[in-house]
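Visitor: These protein sequences, in sequence, are chains A and B.
Numbering-wise (this note's numbering), the first sequence opens with residue 1 and increments by one.
Numbering-wise (this note's numbering), the second sequence opens with residue 1001 and increments by one.
Right, I'll just put the structure down here and ask away after.
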Amino acid sequence: MADTKTVAPQEGAATKFWNWLTETQAWKSIFRHDRPNTDRGRVLVMLSNVFLHLHPVRIRKSGVKLRYTWCMGGLSFFLFLVLTFTGLLLMFYYRPTLEYAYTDIIGLREHVPLGIMREMHRWGAHAMVITVWLHMFRVFMTGSYKPPREFNWSVGVIMLVLTLLLSFTGYLLPWDQLAIWAITVGSNMARATPFLGHEGPGAQLLRLGDVPLIHSADDARFALLGGTFVGEGALLRFYVLHCVGLPLGIAVLMAVHFWRVRKDGGISGPL
Amino acid sequence: MADDNKPVQPSAPPTGANPSATPHVQPKPGADEAATARAAAATGAAPVPPAAGAAAGAVAHTARPAAPPKPPAAIPDLAGRTTTAASAGGQAARAATTTPATAAAKASTRAADDTSPLLTRRAWLGLAWGAFSAASAAALAATGRFMFPNVLNEPPQQFKAGFPNEYGVGVDERWKEKYGVWLVRTTEDIEQHAAGFYSLSVTCTHLGCTPNYLSAENKFKCPCHGSGFRITGVNFEGPAPRPLERTRIVLADDGQILVDKSRHFQRELGQWTDPEAFLKA
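The structure is reproduced here in structure tokens:
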């Protein structure tokens, strides 16, 4: 029996390269933590990365149980990211004017490479509305709105409203018959607002003698549409709301929503 | 006491006595106060009077025979005036003028050599926050006003529709596309019981779509949800809750029909009897 000598396995070229790369100053400037092969390293990966720092370092086993969580909240967030990205790409080819809106949408299908960005955006929008409703349903069924989580539930409800408003504003942008009439019907509700709508209760009371203070050219519906009917003002306003205003609002609320979940002990925790 | 700045070592209180009445503990608040007052005097700033008052109050709370802490030695400035309110001079002055009347007099007329601030830090901050809040509210209001445009790229609300003799009896659709009204000539109006013109708004009273005129069936039919209206504008089928609205219609100076969409008349409110809702011709 010859003497056996323990020899470390020869490192492959890839491993050697990786080991060298992660020791370079450039790498260490970007990633300030050790490799996650110790518990300390694993914690530091989360804590020192801005994109990951909302993730918990550890989660409960129940947190990955799909039967408990349905993962609808995560899916909603994922769809939001998809919609943001596809929406951004759509913005390179879409002009929100009376002259171009309709033909640009057709162009996104016929002239733009791949031609399915508009459809992906639309399907993503439908899917996100479905997932947020299912998420709300799940939160209700698991009682995750009970104290101390009532505030987070309210934040979620506001985000639901913002999601529906995002759908509403986005619906107008193709500027086809479906869009114009849907928004006409939807925005007509605003004229019946109490006091602020020119056909609502109380608006007749707000007049200086014979001059009405709230009329069709200065009520809440007028502010929403930027005009007395759904025209170029409405198209531009809805475009800005859809692409900038509402996403900013919902992003801020998302930050609050995720923060609250983390601070309350993570997803799918005991009540 | 020789060294007021040194922290007092805790010692066992005399048996049964109020621990805070021990001479050892007593000067501590006074010591801190003296230290801060001296430091403040050195920098020329006035220490906050309530601190001196609190220390004095703390002293007063304990009923004991020991002498009150000596007021800190005030450091006079080049002019020989003591510049701290907590100085001996300041204490004496405050003790002498604590009545409300004299305090009020003191508030309105400052002494010539009074270097205490006009506004406390708290007052300044309150002023700053108030100004910031007012400015923010104004900015919010301006943003709200910003959303109401002053100029609209919309067709004018009034237009001249030609002369009465250019129209036959019945529904005329020549202005539907551009101005959103049907001009209808009738020989016997249901409300005004006269021959003439009325102009119907093309907005369906259900949810706002534009109905179509079906000449064969002599009615307006809305494609959205099937609301049906007679050529008088009265709703008779479908979900429309009320008749189409009539707009103001008068004769212009040159004899042309003038249609004014800025004023609507609703039959259910009895407004179709208004003389400007119907042009007799």
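All residues carry an ideal CB built from backbone N, CA and C; glycine is no exception.
Nearest by alpha-carbon distance to residue 195 (chain A): which of A:184, A:218 and A:179 is it?
Guide: Residue A:218 is the option with its Cα nearest to residue 195 (chain A).
Visitor: For a contact meaning CB atoms closer than 9 Å, what does residue 233 (chain A) contact in chain B?
Guide: Chain B residues near residue 233 (chain A): 1149, 1152, 1153 and 1154.
Visitor: Could you check the C-alpha separation between residue 25 (chain A) and residue 32 (chain A) for me, to the nearest Å?
Guide: Approximately 10 Å between the Cα atoms of the pair.
Visitor: For residue 1212 (chain B), which of helix, strand or coil comes out of DSSP?
Guide: Strand, per DSSP.
Visitor: Between residue 109 (chain A) and the rest of its own chain, which residues show a CB-CB distance below 7 Å, the 5 nearest in sequence each way excluded?
Guide: The answer, listed in chain order, is 115 and 118.
Visitor: How long is the line joining the alpha carbons of residue 229 (chain A) and residue 154 (chain A), rounded to whole angstroms?
Guide: Each residue's alpha carbon lies about 33 Å from the other.
Visitor: Can you give the Cα-Cα distance for residue 236 (chain A) and residue 1258 (chain B), rounded to whole angstroms?
Guide: So the alpha carbons of these two residues sit roughly 33 Å apart.
Visitor: If distances are taken between C-alpha atoms only, which option among B:1159, B:1149 and B:1127 comes closest to residue 1254 (chain B)?
Guide: When each option's Cα is compared against that of residue 1254 (chain B), the closest is B:1159.
Visitor: In terms of alpha-carbon separation, which member of B:1204, B:1195 and B:1151 lies closest to residue 1233 (chain B)?
Guide: Of the listed residues, the one whose Cα sits closest to residue 1233 (chain B) is B:1204.
Visitor: Apart from the five residues just before and just after residue 1248 (chain B), which ones in its own chain have a Cβ nearer than 6 Å to its Cβ?
Guide: Contacts found: 1260, 1263 and 1276.
Visitor: With contact counted as at least three CB pairs below 8 Å, one residue from each stretch, are the region 67-77 of chain A and the region 134-144 of chain A in contact?
Guide: Counting Cβ pairs under 8 Å, three or more are found: they touch.
Visitor: Hey, residue 1243 (chain B) and residue 1235 (chain B) are a contact pair by Cβ (cut 8 Å); roughly how many whole angstroms apart?
Guide: Sure, about 5 Å apart at Cβ, within 8 Å.
Visitor: Please list, in chain order, all residues of the same chain as residue 242 (chain A) whose beta carbon is under 7 Å from its beta carbon, the five residues on each side excluded.
Guide: Once the five neighbours on either side are set aside, the close Cβ partners of residue 242 (chain A) are 166, 169, 170 and 173.
Visitor: Within 10 Å of its beta-carbon, does residue 51 (chain A) have 16 or more other beta-carbons around it, so buried, or fewer, so exposed?
Guide: Exposed, since its Cβ has fewer than 16 Cβ neighbours within 10 Å.
Visitor: Which full runs of the alpha helix (DSSP H) of 4+ residues lie inside the region 27-54 of chain A, going along the chain?
Guide: Those alpha helix (DSSP H) runs which fall completely within the region 27-54 of chain A and span 4+ residues are 39-47.
Visitor: Would you list, in chain order, the members of the region 1198-1224 of chain B that have their beta-carbon closer than 8 Å to a beta-carbon of chain A?
Guide: Within the region 1198-1224 of chain B, the residues whose Cβ lies closer than 8 Å to some Cβ of chain A are 1207, 1208, 1209 and 1224, listed in chain order.
Visitor: Which same chain residues end up closer than 8 Å to residue 55 (chain A) when comparing Cβ atoms and leaving out the 5 residues on each side of it in sequence?
Guide: For residue 55 (chain A), where only same-chain residues beyond five positions count, the Cβ hits under 8 Å are 46.
Visitor: For the region 1143-1231 of chain B, which segments carrying the alpha helix (DSSP H) assignment without a break, of at least 4 residues, lie completely within its bounds, in sequence order?
Guide: For the region 1143-1231 of chain B, whole alpha helix (DSSP H) runs of length 4 or above, ordered along the chain, are 1176-1179.
Visitor: Step through the CB atoms of chain B and report whether any lies within less than 8 Å of the CB of residue 223 (chain A).
Guide: Answer yes: the Cβ-Cβ gap between residue 223 (chain A) and chain B drops below 8 Å somewhere.
Visitor: Where does residue 105 (chain A) fall in DSSP's three states?
Guide: Looking at residue 105 (chain A) - three-state DSSP - the assignment turns out to be helix.
Visitor: What's the gap between the Cα of residue 1170 (chain B) and the Cα of residue 1221 (chain B)?
Guide: About 16 Å.
Visitor: Tell me, please, whether the CB atom of residue 228 (chain A) is closer than 8 Å to any CB atom in chain B?
Guide: It does; some Cβ of chain B falls within 8 Å.
Visitor: Using the beta-carbon of each residue, which ones in chain B are nearer than 9 Å to residue 218 (chain A)?
Guide: Here the neighbours are 1148.
Visitor: Verify whether the separation of the beta carbon atoms of residue 1256 (chain B) and residue 1162 (chain B) is less than 8 Å.
Guide: Contact flag set, yes.
Visitor: Using a Cβ cut-off of 8 Å (strictly closer), state whether residue 50 (chain A) contacts chain B.
Guide: False, the Cβ-Cβ gap to chain B never drops below 8 Å.
Visitor: Using the C-alpha atoms, what's the distance from residue 188 (chain A) back to residue 1239 (chain B)?
Guide: In a straight line, the C-alpha of residue 1239 (chain B) is about 16 Å away from that of residue 188 (chain A).
Visitor: Judging by CA-CA distance, which residue of B:1269, B:1252, B:1209 and B:1148 is the nearest neighbour of residue 179 (chain A)?
Guide: When each option's Cα is compared against that of residue 179 (chain A), the closest is B:1209.
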